[in-house]
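J.: For the sequence shown, position 130 matches number 302 in this note's numbering, and the numbering has no gaps at all.
Take this structure, written in structure tokens, and hold onto it; I'll ask about it next.
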Amino acid sequence: MYSSNRQFTRRRFAAGTSRWYRIKHTLQNRQFRVWAGWLVGLSAAIFYFTFLFGMPSLSDIQTSFQESSIIYDRDGGQLYTIYGGDENRQYVNYDQVSPRIVQALVAIEDQRFFSNIGFDPIGIVRTALTC
Numbered sequence: 173m174y175s176s177n178r179q180f181t182r183r184r185f186a187a188g189t190s191r192w193y194r195i196k197h198t199l200q201n202r203q204f205r206v207w208a209g210w211l212v213g214l215s216a217a218i219f220y221f222t223f224l225f226g227m228p229s230l231s232d233i234q235t236s237f238q239e240s241s242i243i244y245d246r247d248g249g250q251l252y253t254i255y256g257g258d259e260n261r262q263y264v265n266y267d268q269v270s271p272r273i274v275q276a277l278v279a280i281e282d283q284r285f286f287s288n289i290g291f292d293p294i295g296i297v298r299t300a301l302t303c
């Protein structure tokens, strides 16, 4: 009786009725790997020509941030301020920005910004259901 159960188990795996057995042998199949490679390559080519082909290079992109210029006299007093564009903008470091401003910006965009893993699966599902 022991040998018959052993043969049955051997036949069961040899026939491929186990899900993991079938997955493992499908991934080891050369023809499957060739088709999967073509599919991944075709998807990458479609992505490139659809989204990235018409994008400008990073060196062509001009920054929209134009800081104001301040002209001083020889004693160090401020004479003129020339605004870059239409606004008086000044560069500040991140540590100089109020934490409340940071929290307000994050609350507008993504509530789980500081706790997610680099992308937000819940936000992706929410967007997919909205569209």
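Glycine included, each C-beta is placed from N, C-alpha and C at the ideal position.
1. Which residues bound the beta strand (DSSP E) around TYR252?
2. Can you tell me which of the three DSSP states TYR220 falls into?
3. In this structure, does DSSP put SER215 in helix, strand or coil?
4. Touching or not, the stretch 288-300 and the stretch 272-280, by the rule of three or more beta carbon pairs under 8 Å?
5. Check whether the Cβ atoms of ASN260 and SER240 sit closer than 8 Å, and answer yes or no.
6. Measure the C-alpha to C-alpha separation of TRP192 and SER215 and round it to an integer number of angstroms.
7. Do you know offhand how far PHE185's Cα is from LEU230's?
8. Mind checking who ILE243 pairs with in its DSSP beta bridge?
9. If we ignore side chains and look at the alpha-carbon of each, how far apart do ASP267 and GLN250 end up?
10. Taking the straight line between their C-alpha atoms, what separation do you get for ARG205 and LEU199?
T.: Reading it off the structure:
1. 250-254
2. helix
3. helix
4. no
5. yes
6. 27 Å
7. Because PHE185 carries a pLDDT of 44, less than 50, the predicted location of this residue cannot be relied on, and the following value inherits that uncertainty. In a straight line, the C-alpha of PHE185 is about 55 Å away from that of LEU230.
8. TYR252
9. 26 Å
10. 7 Å
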